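Step one of this worksheet: look at the structure below.
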Amino acid sequence: MRPTDPGKLTWFPHVPLERKSDLVLSSFENIGVGLSDIPKDILKRLNTIELESHFNENSRRIEIAYNKLLPEMVNLFGVKFSKLEIQEARLGVLLHDVGKIGPPEADRRMQRDIIDLFAEDKILRPTTALRDAVVLRFGQAREEEVMKILLSHGFTEESTMLDFWNAHSEWGIAVLESHKDKLPGLTRLVAESHHMGRGGGKGPNPFRLPQTPEGLSALEDNMEEKKKYILALLLIVLDKFEAIKSRGGQGVTGRDILLKEGFEKNPYMQGLITLVEEKIKDPKFFNTES
836 MRPTDPGKLT
846 WFPHVPLERK
856 SDLVLSSFEN
866 IGVGLSDIPK
876 DILKRLNTIE
886 LESHFNENSR
896 RIEIAYNKLL
906 PEMVNLFGVK
916 FSKLEIQEAR
926 LGVLLHDVGK
936 IGPPEADRRM
946 QRDIIDLFAE
956 DKILRPTTAL
966 RDAVVLRFGQ
976 AREEEVMKIL
986 LSHGFTEEST
996 MLDFWNAHSE
1006 WGIAVLESHK
1016 DKLPGLTRLV
1026 AESHHMGRGG
1036 GKGPNPFRLP
1046 QTPEGLSALE
1056 DNMEEKKKYI
1066 LALLLIVLDK
1076 FEAIKSRGGQ
1086 GVTGRDILLK
1096 EGFEKNPYMQ
1106 GLITLVEEKI
1116 KDPKFFNTES
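If you read the sequence shown in our numbering, its first letter stands for residue 836, the second for the next number, and so on.
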């Protein structure tokens, strides 16, 4: 993948159904990536997500903010990224929630059911039983059909909505790694690491990014690894802050969530949180419209 000058395009967050697929195309054009660089399976997944939910729009909002902040990493951490690094990282941001449509083997029906359940906005408690959530979303008529699919993919009768929500990161990793010959390593690193802080640092971390004080200190002597780490961490921060803003969260902040994930003694995280807290005072920070 070669860096290009993408020019200026406009995002359209609310468009007619027949133009939904145009948004997927323009999101790649906006970062200078052609459709030939994206595996067809991933394009199909993104098109389905676009038709069935708001999750691609959330990713676009995050990517806009992500790109705005990259130049500030020079003053904050003393790092400057190449055009290619920026392009590959921004692609990772756009692909980070591709797992919200299920595992690689999911057929079209399973994909639609999974994205439907993810999009259920009446389910607010992580402790809600998965079966109860299925009944709420699909009704008793489809309860057993949907539960059979979920039970065959690692869930149990004791599974909760938190278990279901958490599964998307592992599914996303499986999808992206199935195309590792096509997708740049940095793209996969950024996308696949966005929940590594889950459970106090027990989330998926396939690229083994540092999480200990010793590992973080070692980054100061390795500029290439430091850049990768900051690019991954920036998505983690923006993903949390954008989610709270989109859901109208009250009584909780991005800082609260991130510190509970084991980042309280991480100087990189502290710097990024402070920066984003300042930036989100601008109501247009996450805007996808020019």
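Note that CB positions come from ideal geometry on N, CA and C, so glycine has one too. Keep in mind that this is a model prediction, so the values were computed, not measured.
Assumed close pair residue i, residue j - CB separation to whole angstroms, cut-off 8 Å
{"i": "Leu-1011", "j": "Leu-1018", "result": "6 Å"}
{"i": "Phe-1098", "j": "Ala-900", "result": "Not really, about 19 Å apart at Cβ, beyond 8 Å."}
{"i": "Arg-1090", "j": "Ile-1079", "result": "With a Cβ gap of about 10 Å, Arg-1090 and Ile-1079 do not count as contacting."}
{"i": "Glu-1112", "j": "Gly-1032", "result": "Actually they are not in contact, since the Cβ atoms of Glu-1112 and Gly-1032 sit about 17 Å apart, beyond 8 Å."}
{"i": "Ile-866", "j": "Leu-926", "result": "6 Å"}
{"i": "Ala-1067", "j": "Leu-1044", "result": "6 Å"}
{"i": "Leu-911", "j": "Gly-1106", "result": "5 Å"}
{"i": "Val-928", "j": "Asn-891", "result": "Contact doesn't hold; Cβ gap of about 12 Å is too wide."}
{"i": "Ala-1065", "j": "Val-914", "result": "Reading the sequence as shown, one finds Ile at residue 1065 and not Ala. Confirmed, about 6 Å."}
Extent of the continuous alpha helix (DSSP H) run through residue i
{"i": "Phe-953", "result": "943-953"}
{"i": "Glu-1059", "result": "1058-1082"}
{"i": "Gln-1105", "result": "1102-1114"}
{"i": "Asp-1091", "result": "1089-1093"}
{"i": "Arg-780", "result": "In the structure as shown, the chain begins at 836 and stops at 1125. Residue 780 is therefore absent and cannot be evaluated."}
{"i": "Glu-940", "result": "Run containing Glu-940: none; DSSP gives neither H nor E here."}
{"i": "Arg-1023", "result": "1020-1027"}
{"i": "Arg-1033", "result": "1033-1036"}
{"i": "Gly-1050", "result": "1048-1053"}
Bridge partner(s) assigned by DSSP for residue i
{"i": "Ala-968", "result": "Paired residue(s): none; Ala-968 is not in a bridge."}
With a threshold of 8 Å, are at least 3 pairs of Cβ atoms found where one atom belongs to the stretch 920-939 and the other to the stretch 987-1004? Taking 8 Å as the limit for Cβ pairs, the verdict is that the stretch 987-1004 does touch the stretch 920-939.
Secondary structure, alpha helix (DSSP H): runs of 4+ residues fully inside the stretch 972-1012: Qualifying alpha helix (DSSP H) stretches, in chain order: 978-986 and 996-1012.
What residue ranges within the stretch 854-936 form continuous alpha helix (DSSP H) runs of no fewer than 4 residues, ordered along the chain? DSSP runs (the alpha helix (DSSP H)) wholly in the stretch 854-936: 855-864, 875-887, 890-904, 908-912 and 918-930.
Counting pairs of beta carbons, one from the stretch 944-964 and one from the stretch 990-997, are three or more of them closer than 8 Å? The stretch 944-964 is in contact with the stretch 990-997.
Counting Cβ pairs, one atom from each stretch, are 3 or more of them under 8 Å apart for the stretch 890-910 and the stretch 859-873? The answer is yes - the stretch 859-873 touches the stretch 890-910, with three or more Cβ pairs under 8 Å.
Do the stretch 908-927 and the stretch 888-896 touch if we need at least three Cβ pairs shorter than 8 Å? No, the stretch 908-927 does not touch the stretch 888-896.
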